[in-house]
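Beneath this line is the structure, given in structure tokens, with notes to follow.
There are 2 protein chains.
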Amino acid sequence: MPPATGRRRLPLAERREEILKAATELIAASGFKGVTLEAFAEACGMTKAGLLHHFRSRDDLLIAVLERRDELDLTTVVDTLEPVSGPAASRAVMTRFVRRNLGQRSLVQLYTVLAAEAIDPAHPAHDYFRTRLREGRAMLEHSLLSWHPHPGLAAVELLAFLDGLQLNWLRDPDIDYLAQWQSFADRFFTA
Amino acid sequence: MPPATGRRRLPLAERREEILKAATELIAASGFKGVTLEAFAEACGMTKAGLLHHFRSRDDLLIAVLERRDELDLTTVVDTLEPVSGPAASRAVMTRFVRRNLGQRSLVQLYTVLAAEAIDPAHPAHDYFRTRLREGRAMLEHSLLSWHPHPGLAAVELLAFLDGLQLNWLRDPDIDYLAQWQSFADRFFTA
DNA sequence: CGCTATCTACCGTTTGGTAGATAAGAACGT
DNA sequence: ACGTTCTTATCTACCAAACGGTAGATAGCG
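Each protein sequence line maps, in turn, to chains A and B. Just so you know, the UniProt record's numbering puts the end of the first sequence at 191, numbered straight through with nothing missing. Just so you know, the UniProt record's numbering puts the end of the second sequence at 191, numbered straight through with nothing missing.
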């Protein structure tokens, strides 16, 4: 590693990834509105102008952060696409989802904080979350269709609980995320 | 009513209330970081300087908004203080809480958006939510103590579900808030 | 040496907040 | 009823700092 002072020149892809990683942490901590362009730059040891060489604008950076998160999730999504049926299988899929979140606290926080911020229709990520969450609910509802008496109600209930649990876990890390999930699932998946 | 143009001079208490009401709506819509001092002022037909005559700073206004919300909730809190015991009584209390929220969408949104924004320790309302939510959970846990086998788990679960349901209801008003609650409660209060 | 990632310097706008002028309305005497 | 005075709610004008973004100079690496 070269001395911390002075200029560091990195290949395009590497620097891009470094910026996105840092930006994810910052947004997770303070929301998108709460972080300035300069703060994003400083977090990876460069200036605003330097950062804007990689992303055309601040909003552009946000979109890139979200797309990166999607890419990181791709593995899980692919797994979920396997056609599953029955309560046990559904529960297993969701449990794996919970376990993965447990180890990606900052990504979860990014998503949670940003999703709440983006309730505002004027937020640059409003549409992103709108379509994305709608799709998620539809997929879940579809997988509940084969065995649950009220797939619509149940899908909303499950997602609401997970959203709320994440939110509370972020507020208070002492909460036992996994145990809470199992406790909920014990009742939910015996209907 | 005097003509809309020109200066309107109101008694202190009245203007204060008007400002707080307008601010509540705005914060609910766009979060606290998302609204400028001038926007707050303009919303009740005055200038920044005029508003700052009533609230020393922008952060001061936020605190006042939250305190006002607490006062508006006081009635419900007092009701809750009646010592209740048993699942049916607990459920009745919570159902009343849900029903009341149903008619106060903008207050719910204020609380939800702000609570998520305030996960950031640097947010001006961070401490407010920290203590307030902790208290709420303790109260609930206490009331579950007499009949629920796992009061700690259950308290978190119930609050998480309500938080998440509110969040999703705000994102998608078509969700049947009340029905979702009843469906959850049917399982939750038979343990 | 050439390419380009990065920097310095700057711009126009918006931000939260201040200082001092102005006017609305209540109180009061006549 | 009516003017006068006094209080203070509100305004106009302004400021320094912070914001997102641009133009052109500079320097690290193949």
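Each residue gets a CB set at the ideal place from its N, CA and C atoms; glycine is no exception.
Beta-carbon neighbours of residue i, restricted to chain B and to distances below 7 Å
i	result
leucine 133 of chain A	Arg171
Chain A contact residues for residue i, given Cβ-Cβ distances below 7 Å
i	result
aspartate 163 of chain B	Gly164, Leu167, Asn168
Cβ of residue i within 8 Å of any chain A Cβ
i	result
glutamate 25 of chain B	no
residue 194 of chain B	Any question about residue 194 of chain B goes unanswered here, given that chain B covers just 1 to 191.
arginine 187 of chain B	yes
isoleucine 19 of chain B	no
proline 2 of chain B	Model confidence at proline 2 of chain B stands at a pLDDT of 39, short of 50, so the residue's coordinates are unreliable; what they give is reported in the following sentence. Taking Cβ atoms only, chain A never reaches closer than 8 Å to proline 2 of chain B, which makes this a no.
Interface partners of residue i on chain B, CB under 9 Å
i	result
glutamine 180 of chain A	Leu153, Val156, Glu157, Ala160
valine 113 of chain A	Ala116, Glu117, Ile119, Asp120
Residue-chain proximity (residue i, chain B), Cβ-Cβ < 8 Å
i	result
phenylalanine 184 of chain A	yes
isoleucine 63 of chain A	no
glutamate 14 of chain A	no
aspartate 174 of chain A	no
Residue i: contacting residues in chain A (beta-carbon distance under 9 Å)
i	result
glycine 34 of chain B	Lys33, Glu117, Asp120, Ala122, His123
Proximity test, residue i beta-carbon vs the ligand COA heavy atom, cut-off 7 Å
i	result
glutamate 25 of chain B	The ligand COA is not part of the structure shown, which contains no ligands of any sort.
In chain order, each alpha helix (DSSP H) run of at least 4 residues that lies wholly inside the stretch 96-139 of chain B: As for any alpha helix (DSSP H) of minimum length 4 sitting wholly inside the stretch 96-139 of chain B, the runs are 105-117, ordered along the chain.
Touching by the beta-carbon criterion (3+ pairs, under 8 Å), the stretch 24-42 of chain A and the stretch 104-118 of chain A: Under the Cβ criterion (8 Å, minimum of three pairs), the stretch 24-42 of chain A counts as touching the stretch 104-118 of chain A.
Three or more C-beta pairs below 8 Å linking the stretch 156-172 of chain A and the stretch 153-163 of chain B: At 8 Å Cβ cutoff, the stretches touch.
contact_flag[the stretch 138-152 of chain A, the stretch 49-64 of chain A] where n(CB pairs < 8 Å) is 3 or more: Judged by Cβ distances under 8 Å, the stretch 138-152 of chain A makes no contact with the stretch 49-64 of chain A, as fewer than three pairs qualify.
Alpha helix (DSSP H) segments (min. 4 residues) lying fully within the stretch 18-57 of chain A: Within the stretch 18-57 of chain A, the complete alpha helix (DSSP H) runs of at least 4 residues are 37-43, 48-52.
Contact between the stretch 10-21 of chain A and the stretch 43-61 of chain A (3+ Cβ pairs under 8 Å): A contact exists between the stretch 10-21 of chain A and the stretch 43-61 of chain A.
Stretch pair the stretch 111-128 of chain A + the stretch 112-120 of chain B: three plus CB contacts closer than 8 Å: Yes: the two stretches touch, three or more of their Cβ pairs being nearer than 8 Å.
The stretch 177-187 of chain A in contact with the stretch 89-109 of chain A per 3-pair CB rule at 8 Å: Contact between the stretch 177-187 of chain A and the stretch 89-109 of chain A is present: three or more C-beta pairs spanning the two stretches fall below 8 Å.
Sequence ranges, alpha helix (DSSP H) only - wholly within the stretch 145-173 of chain A, length at least 4: Within the stretch 145-173 of chain A, the alpha helix (DSSP H) runs of at least 4 residues that lie entirely inside it are, in chain order, 151-171.
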